[in-house]
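If you read the protein sequences in the order shown, they are chains A and B.
The opening position of the first sequence corresponds to residue 7 in our numbering, with each subsequent residue numbered one higher.
The opening position of the second sequence corresponds to residue 7 in our numbering, with each subsequent residue numbered one higher.
Backbone N, C-alpha and C fix where the C-beta goes; we use that ideal spot for every residue, glycine too.
Comments concern the structure below.
Number of protein chains: 2
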Amino acid sequence: MSSYKAPVRDMQFVLNEVMQAESLLTSMPDTEEVNAELINAILEEGARVAETLLAPINRSGDEEGCQFEAGEVRTPKGFREAYATFAEGGWIGLSGDVEYGGQGMPKVLAVCFEEMIMAANSSFALYAVLTAGASLAVARHATDELKQAYLPKLYSGEWAATMCLTEPHAGTDLGIIKSRAEPQDDGSYLLTGTKIFITGGEHDLTDNIIHMVLAKLPDAPAGPRGISLFLVPKYLPDSDGKPGERNALSCGSIEHKMGIKGSATCVMNFDGARAWLVGEVNKGLACMFTMMNYERLTIGLQGLGLGDASYQTAAAYARERLQGRSPDGPVEADKPADSLLVHPDVRRMLLTMRANTEAARCLSAYVAVQLDTAHFHTDPEARERADKLVALLTPIAKTAFTDKGFEVCVLGQQVLGGHGYVREWGQEQHVRDARIAQIYEGANGIQALDLMGRKVVRDQQGMLDVLVAEIREYLAESHDDALADYLLTLERSLDTLLETTDRVKSEASEQPAAVGAASYPYLELMTLVLYCYMWTRMVEVARREIAAGNPDADFYQSKLYTGEFFLRRLMPEYRALAEEIQAGSESLMAMPPELF
Amino acid sequence: MSSYKAPVRDMQFVLNEVMQAESLLTSMPDTEEVNAELINAILEEGARVAETLLAPINRSGDEEGCQFEAGEVRTPKGFREAYATFAEGGWIGLSGDVEYGGQGMPKVLAVCFEEMIMAANSSFALYAVLTAGASLAVARHATDELKQAYLPKLYSGEWAATMCLTEPHAGTDLGIIKSRAEPQDDGSYLLTGTKIFITGGEHDLTDNIIHMVLAKLPDAPAGPRGISLFLVPKYLPDSDGKPGERNALSCGSIEHKMGIKGSATCVMNFDGARAWLVGEVNKGLACMFTMMNYERLTIGLQGLGLGDASYQTAAAYARERLQGRSPDGPVEADKPADSLLVHPDVRRMLLTMRANTEAARCLSAYVAVQLDTAHFHTDPEARERADKLVALLTPIAKTAFTDKGFEVCVLGQQVLGGHGYVREWGQEQHVRDARIAQIYEGANGIQALDLMGRKVVRDQQGMLDVLVAEIREYLAESHDDALADYLLTLERSLDTLLETTDRVKSEASEQPAAVGAASYPYLELMTLVLYCYMWTRMVEVARREIAAGNPDADFYQSKLYTGEFFLRRLMPEYRALAEEIQAGSESLMAMPPELF
Numbered sequence: 007m008s009s010y011k012a013p014v015r016d017m018q019f020v021l022n023e024v025m026q027a028e029s030l031l032t033s034m035p036d037t038e039e040v041n042a043e044l045i046n047a048i049l050e051e052g053a054r055v056a057e058t059l060l061a062p063i064n065r066s067g068d069e070e071g072c073q074f075e076a077g078e079v080r081t082p083k084g085f086r087e088a089y090a091t092f093a094e095g096g097w098i099g100l101s102g103d104v105e106y107g108g109q110g111m112p113k114v115l116a117v118c119f120e121e122m123i124m125a126a127n128s129s130f131a132l133y134a135v136l137t138a139g140a141s142l143a144v145a146r147h148a149t150d151e152l153k154q155a156y157l158p159k160l161y162s163g164e165w166a167a168t169m170c171l172t173e174p175h176a177g178t179d180l181g182i183i184k185s186r187a188e189p190q191d192d193g194s195y196l197l198t199g200t201k202i203f204i205t206g207g208e209h210d211l212t213d214n215i216i217h218m219v220l221a222k223l224p225d226a227p228a229g230p231r232g233i234s235l236f237l238v239p240k241y242l243p244d245s246d247g248k249p250g251e252r253n254a255l256s257c258g259s260i261e262h263k264m265g266i267k268g269s270a271t272c273v274m275n276f277d278g279a280r281a282w283l284v285g286e287v288n289k290g291l292a293c294m295f296t297m298m299n300y301e302r303l304t305i306g307l308q309g310l311g312l313g314d315a316s317y318q319t320a321a322a323y324a325r326e327r328l329q330g331r332s333p334d335g336p337v338e339a340d341k342p343a344d345s346l347l348v349h350p351d352v353r354r355m356l357l358t359m360r361a362n363t364e365a366a367r368c369l370s371a372y373v374a375v376q377l378d379t380a381h382f383h384t385d386p387e388a389r390e391r392a393d394k395l396v397a398l399l400t401p402i403a404k405t406a407f408t409d410k411g412f413e414v415c416v417l418g419q420q421v422l423g424g425h426g427y428v429r430e431w432g433q434e435q436h437v438r439d440a441r442i443a444q445i446y447e448g449a450n451g452i453q454a455l456d457l458m459g460r461k462v463v464r465d466q467q468g469m470l471d472v473l474v475a476e477i478r479e480y481l482a483e484s485h486d487d488a489l490a491d492y493l494l495t496l497e498r499s500l501d502t503l504l505e506t507t508d509r510v511k512s513e514a515s516e517q518p519a520a521v522g523a524a525s526y527p528y529l530e531l532m533t534l535v536l537y538c539y540m541w542t543r544m545v546e547v548a549r550r551e552i553a554a555g556n557p558d559a560d561f562y563q564s565k566l567y568t569g570e571f572f573l574r575r576l577m578p579e580y581r582a583l584a585e586e587i588q589a590g591s592e593s594l595m596a597m598p599p600e601l602f
Numbered sequence: 007m008s009s010y011k012a013p014v015r016d017m018q019f020v021l022n023e024v025m026q027a028e029s030l031l032t033s034m035p036d037t038e039e040v041n042a043e044l045i046n047a048i049l050e051e052g053a054r055v056a057e058t059l060l061a062p063i064n065r066s067g068d069e070e071g072c073q074f075e076a077g078e079v080r081t082p083k084g085f086r087e088a089y090a091t092f093a094e095g096g097w098i099g100l101s102g103d104v105e106y107g108g109q110g111m112p113k114v115l116a117v118c119f120e121e122m123i124m125a126a127n128s129s130f131a132l133y134a135v136l137t138a139g140a141s142l143a144v145a146r147h148a149t150d151e152l153k154q155a156y157l158p159k160l161y162s163g164e165w166a167a168t169m170c171l172t173e174p175h176a177g178t179d180l181g182i183i184k185s186r187a188e189p190q191d192d193g194s195y196l197l198t199g200t201k202i203f204i205t206g207g208e209h210d211l212t213d214n215i216i217h218m219v220l221a222k223l224p225d226a227p228a229g230p231r232g233i234s235l236f237l238v239p240k241y242l243p244d245s246d247g248k249p250g251e252r253n254a255l256s257c258g259s260i261e262h263k264m265g266i267k268g269s270a271t272c273v274m275n276f277d278g279a280r281a282w283l284v285g286e287v288n289k290g291l292a293c294m295f296t297m298m299n300y301e302r303l304t305i306g307l308q309g310l311g312l313g314d315a316s317y318q319t320a321a322a323y324a325r326e327r328l329q330g331r332s333p334d335g336p337v338e339a340d341k342p343a344d345s346l347l348v349h350p351d352v353r354r355m356l357l358t359m360r361a362n363t364e365a366a367r368c369l370s371a372y373v374a375v376q377l378d379t380a381h382f383h384t385d386p387e388a389r390e391r392a393d394k395l396v397a398l399l400t401p402i403a404k405t406a407f408t409d410k411g412f413e414v415c416v417l418g419q420q421v422l423g424g425h426g427y428v429r430e431w432g433q434e435q436h437v438r439d440a441r442i443a444q445i446y447e448g449a450n451g452i453q454a455l456d457l458m459g460r461k462v463v464r465d466q467q468g469m470l471d472v473l474v475a476e477i478r479e480y481l482a483e484s485h486d487d488a489l490a491d492y493l494l495t496l497e498r499s500l501d502t503l504l505e506t507t508d509r510v511k512s513e514a515s516e517q518p519a520a521v522g523a524a525s526y527p528y529l530e531l532m533t534l535v536l537y538c539y540m541w542t543r544m545v546e547v548a549r550r551e552i553a554a555g556n557p558d559a560d561f562y563q564s565k566l567y568t569g570e571f572f573l574r575r576l577m578p579e580y581r582a583l584a585e586e587i588q589a590g591s592e593s594l595m596a597m598p599p600e601l602f
């Protein structure tokens, strides 16, 4: 019963109007042709793909799931055909390197497209985004020979790719992986080990699958500084570059999961598989992070997209479902009951969904602008500044979008009552599919630790300073009285964030557990500051357009209503988070392990 | 991999030590034999049933689900045999009327038992608790003839029962139901209509199924004041009281749901089915509320129990899983990594789970004490006071236990990372099974509206005053300096609650939407006050026992650690909730329906 509509108008709003992406892109040589017309054309074509190619096989994919038999994986009905069409459209190489057949499009477009495909069919989208992410690591770190052999096939979608990190005993703690790579005389390696939770490790969508695998050389140092990255194809390319000899690797089984059932999650066994080093020996984690940082934002978009899909169904249901009467008395007296939208608490749920989704979309555009600046800008200072913002914001985008996205999906299920719990309307699938996004690509607790520890407390580059300076400058330049409440709340919450930061830094110098004790609420606190910044900027633009008589007044008016709700009802939490952080680590660390 | 252990020691603690249930029960004539020995015997036998009879068929029940064919429902393998054993144990009539074969045990024992069976196997437990709830409505409102014909069979578990409220177009809004009951000359009725989402509407566990059905007489007034309650058996009892002629009702299909897959959720068609009135004509909603209030607390226990089951698995996993190193440096240097328990953020998750679960268990015992007082006490004033507390606390227990229970299950899944998302460990099933508890038996938004509207703003009986007077008295009598922080927080949060209450009452007199706009955060605010009250009382007892040299010091010490965590890290939210309520209804109600 759900029919996803890609939020093209909203994307145009955050890209072109709030973030002014067009003027940035057309000002940089490598992206100068990306004007509003091209942006809109790609958004509209992407929407068509998400709505008509992927959404129709989302529920059937969930119901059928992937099937494993004799080492092979059969994806759900329709996935293979849809993947071929999808690949032909050039979508997998959308932001790929033009030198190897990629489209060279900026990240601001990629984030919109990825949000759409994640919303329409997360299981399907995963095969594509992992391939795009692996391509990025290959393009950045592999030899020219490997790039020539693999990138064109990956961008074209003929071949797919995976990332292989986790082992049965080693998830977050990659320093203790056991997979080993033995160097061979010809410069290749033979890789042996077992990897688990490998998304798309085996499937029937493409002629070849290229695994990006972390392993250790025989003489590697212990811990994370002894990890190298390898490219391991399922089939070794023959002299024509076509899939040739089968490599010594196989899929041992697939997982039975809560959701994303159309995505094959595989146990992969490497039994002396032929492998090629990517990047330098023992620098594998850094190379893999090229891919992981890409995927972290993308997985954030999964939470965002699924939340939006859930909102669309919940809002449509609330408009049409007649139940109860308005607190002010009947609104539609000729009908047996009023619509759900007369009930304040139903509006609370819908507006909470919307306020979080729209703030996240705006923040994703903001992060993408930084990624494009870091990649394409001609001014090294601009690139450096953008790089710092990307490093700071990536763990926030991953965690905030997926935590709030899951919460949004749960609310979207609640709006439908019992109808949200049964399969028919698709709302329960959104909840199940969104749940994984908080777990994989670095569990959200790890993201929070990355933010608080590496990006704030131990940071020597002043990442947070860049963000703070930008917001302070924005505050100093904003004088619209109608925005006064937004600006005041933004300033106060920013002050609270900085006081909190100083306190944690000072505690951490004496008590190492202080970082981990503060990390989660700290990330949530910074999220609220960022969402407040995004909403202030969105409301500013909306007010300006309404004042200028823009005929799309309803659209801008809805931003004002939603922003007001965010400011009044969701922002108050920031002080509670600061207070929670202030409590320190003592009450967390006191209980002896045996009493848990 | 999960193996549920019923928390018998914790239950003894809240019942006997914190709530002093034994001294209350032995002081009332109808329960005077319920001493500590009997309490402990029932808890231990109940634990055995939950752990050895129900838990082993929980996961298999989820995987197999219920099957529907030609109007009949087959429950998962093992359910039928387990149900027979369960019924033989007398558990369904545990708190039933002794005159008709019930055991007459107090609610304080029933809540413990229901928590256990919900934790071990919610799908299975639902068949039993619906039967117990229906029995309560029959015992309270039906004629002696109906009681004699049905109660003994229901208490013995030979027959099961359901509650039939929802129709395709009418869930929360029962005033618009279409089911009709035509009076017959013999005093019975012929009932026609379609009911949906009927838990246990059809199954193979018992020889007969008794439906408690809401319907309207032909001349009934419109709206909720025209609803009557009917008893409609699947098979009409013959002259020996055995299942005889098949009644004109049938199961049309079962739902495919996110969870509780071993529980059959049925579409029930009544086609002129023979029915008997329960209670007075047009007073059906009030009679059904006898059952609904019972079930609301029980469904709260589902959230509580599943959260505890999830905690047990998460804590065991965290103790054993080695991953990363303590922030202070290696704790177990001879192993490849330290246990997850060295990580502050893992502790945050586990302690959040535990602080909420234990507060809920204590509050469930508190509510049960009020229910027993209301039912068994010889002093009418004591009964009246207890009745008011029950009315006030039922929507809170239902909502708080299920919202926090779901949150706890999600955290318990998060602790296991990817292993929490796959079927193997059982954590993802807990999330799916817990999710329904926020929806059925009156969605949580409706509970919040019941609390804020009927029990607070429009209440004429002073329900909240009773609670406030009790807490004020407790505060006045507590002088333990070591409890000072708890007492201060309890007092301040109570003051905040009362200021908030006054503000909403005053706004509601001018703006009817103010009630619904405040209701959800208001319920959450009152939950925090109540949980703080419970934790203060638990910590008080634990401190006393430690000071007295109780040999079970570890147990009491764990209460102090968990209480401290609750106070420092979870209580700060209360001010944010008050601020959210203070924002009023404007930002919720402003957006026109067509902009959603």
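| query | result |
| --- | --- |
| Since D246(B) meets chain A, which of its residues come closer than 9 Å, beta carbon to beta carbon? | Those do not exist, as D246(B) stays about 38 Å from chain A at its closest Cβ, beyond 9 Å. |
| Sort A449(A), T358(A), A228(A) by Cα distance to I183(A) and report the nearest one. | A228(A) |
| Is P336(A) close to chain B, meaning its C-beta is less than 8 Å from at least one C-beta of that chain? | no |
| Report the rounded CA-to-CA distance for E39(B) versus F382(B), giving the unit in angstroms. | 13 Å |
| Taking 7 Å as the limit between beta carbons, can you name the residues of its chain near V352(B), skipping five residues before and five after? | A324, L346, V421 |
| Could you check whether the Cβ of M169(A) sits closer than 8 Å to any Cβ belonging to chain B? | no |
| Between G423(A), G163(A), R54(A), which lies nearest to E447(B) when the distance is taken from Cα to Cα? | G423(A) |
| Helix or strand or just coil, what does DSSP make of L235(A)? | strand |
| Apply the 10 Å Cβ neighbour rule to Q73(B) and answer buried if 16 or more other Cβ atoms are within range, or exposed otherwise. | exposed |
| Measuring CA to CA, which of R549(B), F572(B), L576(B), R575(B) is closest to Q563(B)? | R549(B) |
| With DSSP as the reference, label G250(A) as helix, strand or coil. | strand |
| Touch check for the region 325 to 333 of chain A and the region 427 to 435 of chain A: three-plus C-beta pairs under 8 Å? | no |
| Would you say A582(B) reaches chain A, if we count a Cβ-Cβ gap shorter than 8 Å as a contact? | yes |
| Within the chosen definition, does the region 138 to 150 of chain B reach the region 63 to 77 of chain B through at least 3 CB pairs nearer than 8 Å? | no |
| Applying the 10 Å Cβ sphere with the 16-neighbour rule, what's the burial state of V104(B)? | exposed |
| If I measure Cβ to Cβ from E164(B) and keep anything under 8 Å in the same chain, skipping five residues before and after, which residues do I get? | A93, T212, D213, N214 |
| Please list the partners that M359(B) has in chain A, where partner means a Cβ-to-Cβ separation under 9 Å. | Within chain A, no residue comes near M359(B); the closest Cβ sits about 10 Å away, beyond 9 Å. |
| For D314(B), which residues in the same chain have their Cβ closer than 7 Å to its Cβ, ignoring the five residues on either side in sequence? | P13, A125, T363 |
| H436(A) CB to nearest chain B CB: under 8 Å? | no |
| Are the C-beta of Q444(B) and some C-beta of chain A separated by less than 8 Å? | yes |
| For the region 159 to 173 of chain B and the region 192 to 204 of chain B, state whether three or more C-beta atom pairs, one from each stretch, are separated by less than 8 Å. | yes |
| Please list, in chain order, the residues of the region 316 to 331 of chain A that have any C-beta partner in chain B closer than 7 Å. | A321, A324, R325, Q329, G330 |
| Kindly say whether P333(A), judged by its beta-carbon, lies nearer than 8 Å to any beta-carbon of chain B. | yes |
| Check the DSSP bridge columns for G199(B) and list the partner residues they point to. | F276(B) |
| When the Cα of L481(B) is compared with those of I442(B), E551(B), S515(B), V535(B), which residue comes out closest? | V535(B) |
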